[in-house]
C-alpha cells in the first residue's frame, strides 16, 4: 500500500526576542522528520536553545533549485518537513517559494504555522495608515536601479514597506527624500524586539539626516515605512499609465486602455492622451 504524503509546515520563528516563538511552532519543530533552514548554523542555535534535536538541512537562495526535488521526494514518501528562515515568516524576502510551489504541485499538504514578521510588526507600531499597504522587500542595491524603482512608486497611495540593509540605509533614505519628497512622512523601525529596538518617525529628509549623523541608526535589521502619496487621483493616473504601457505591448490601444482603467480606476481618456476608438 502506498504511503500517504507527508506535510510541509511553513514555520515562523522569532525576529529577535526568543520568547516570541509560539508553542505550536516549538511542537511542530520537535515533531517533524526534517527541518529545512535558510542557515543551519543560525537555526541550529535556535533549536539548541529550546532543546530540539530534529535533523537540519540547508535550503537557501544558492541551492534551492537543486534541493527542492529531494525534499519533495521525501514529502511524497510520507516524511514531514518544516521550513524555517533565519528569522520571521519564511518566503517574506526569504527562500522557500520554489519548495512550496513544488510541494503543492506534487499533491503535498502545505500548512502555515504563523508568527513573527518584521514587516507587519513594524507596520503595527508605525502610526501610518495600515488599511492598505505595499510590501516592496529590498530596494535594488545599485543606486541607479534603486532610483528607478522609487520613481515608479512615487505616486503609490498605499503605505510603502521596505526592508533595507543597514549598510545602504543612509543612501536609500537620501534617494527616497529626493524622489518621494522631503516632507513625506516616514518611519524607521530598527532591531525590532531586540535590546536596541528603536522606532523613529519623521519626514524623509529629517529621518535621512538623523540616520546620517547617528551611527547607531546604521546598525542591525531595518524596516523603512513611507506614507503613500496623498493625491489619490494622480496616483491612480500614474498607476493606470504604468499598467496601460504594459498591456499595450500585447493588446490594441483601445482594449489596453479599457483594461487599465478597470484595473486601476484611472480615467480611460487620460491614459494615453486621446479617447480610444471603440
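In full-length UniProt numbering, the protein residues as written are 1 to 278. Where a beta carbon is used, it is the ideal one built from N, C-alpha and C, also for glycine.
Residue i versus residue j: straight-line alpha-carbon distance, rounded
{"i": "residue 247", "j": "residue 216", "result": "46 Å"}
{"i": "residue 145", "j": "residue 191", "result": "26 Å"}
{"i": "residue 163", "j": "residue 13", "result": "18 Å"}
{"i": "residue 2", "j": "residue 54", "result": "Below a pLDDT of 50, predicted positions are generally treated as unreliable, and residue 2, at 46, falls in that range; the measurement from the model is reported next regardless. Their backbone Cα atoms lie some 25 Å apart in a straight line."}
{"i": "residue 152", "j": "residue 219", "result": "28 Å"}
{"i": "residue 270", "j": "residue 227", "result": "26 Å"}
{"i": "residue 183", "j": "residue 110", "result": "44 Å"}
{"i": "residue 237", "j": "residue 266", "result": "5 Å"}
{"i": "residue 128", "j": "residue 137", "result": "18 Å"}
{"i": "residue 106", "j": "residue 68", "result": "12 Å"}
{"i": "residue 202", "j": "residue 185", "result": "6 Å"}
{"i": "residue 78", "j": "residue 256", "result": "48 Å"}
{"i": "residue 211", "j": "residue 80", "result": "45 Å"}
{"i": "residue 124", "j": "residue 225", "result": "11 Å"}
{"i": "residue 199", "j": "residue 5", "result": "45 Å"}
Boundaries (first-last residue) of the beta strand (DSSP E) holding residue i
{"i": "residue 184", "result": "Careful: residue 184 lies outside any beta strand (DSSP E) and carries neither H nor E."}
{"i": "residue 36", "result": "34 to 37"}
{"i": "residue 82", "result": "81 to 84"}
{"i": "residue 253", "result": "Unbroken run through residue 253 is the alpha helix (DSSP H), 253 to 264; no beta strand (DSSP E)."}
{"i": "residue 58", "result": "56 to 58"}
{"i": "residue 130", "result": "No beta strand (DSSP E) contains residue 130, which DSSP labels as neither H nor E."}
{"i": "residue 139", "result": "Where residue 139 is concerned, there is no enclosing beta strand (DSSP E), given that its DSSP letter is neither H nor E."}
{"i": "residue 225", "result": "222 to 226"}
8 Å contact criterion, which residue i and residue j should meet: CB distance rounded
{"i": "residue 172", "j": "residue 204", "result": "No, residue 172 and residue 204 are not in contact; Cβ-Cβ is about 10 Å, not under 8 Å."}
{"i": "residue 36", "j": "residue 99", "result": "7 Å"}
{"i": "residue 208", "j": "residue 165", "result": "Their Cβ separation, rounded to whole angstroms, is 16 Å, which puts residue 208 and residue 165 out of contact at 8 Å."}
{"i": "residue 120", "j": "residue 150", "result": "With 8 Å as the limit, residue 120 and residue 150 do not qualify as a contact, their Cβ atoms being about 23 Å apart."}
{"i": "residue 193", "j": "residue 16", "result": "4 Å"}
Neighbour-count burial assignment, residue i, 16 or more Cβ in a 10 Å radius
{"i": "residue 90", "result": "buried"}
{"i": "residue 59", "result": "buried"}
{"i": "residue 264", "result": "buried"}
{"i": "residue 114", "result": "exposed"}
{"i": "residue 337", "result": "Within the shown structure, residues of the chain are numbered from 1 to 278, placing residue 337 beyond reach of any answer."}
{"i": "residue 104", "result": "exposed"}
{"i": "residue 97", "result": "exposed"}
{"i": "residue 244", "result": "buried"}
{"i": "residue 51", "result": "exposed"}
{"i": "residue 229", "result": "buried"}
{"i": "residue 43", "result": "buried"}
{"i": "residue 188", "result": "buried"}
{"i": "residue 64", "result": "buried"}
{"i": "residue 157", "result": "buried"}
{"i": "residue 252", "result": "exposed"}
Limits of the alpha helix (DSSP H) - the one that residue i falls within
{"i": "residue 151", "result": "143 to 153"}
{"i": "residue 44", "result": "40 to 49"}
{"i": "residue 71", "result": "64 to 76"}
{"i": "residue 92", "result": "Run containing residue 92: none; DSSP gives neither H nor E here."}
At what residue ranges does the stretch 157 to 208 contain a whole run of the beta strand (DSSP E), taking only runs of 3 or more? 159 to 164, 185 to 190 and 198 to 203
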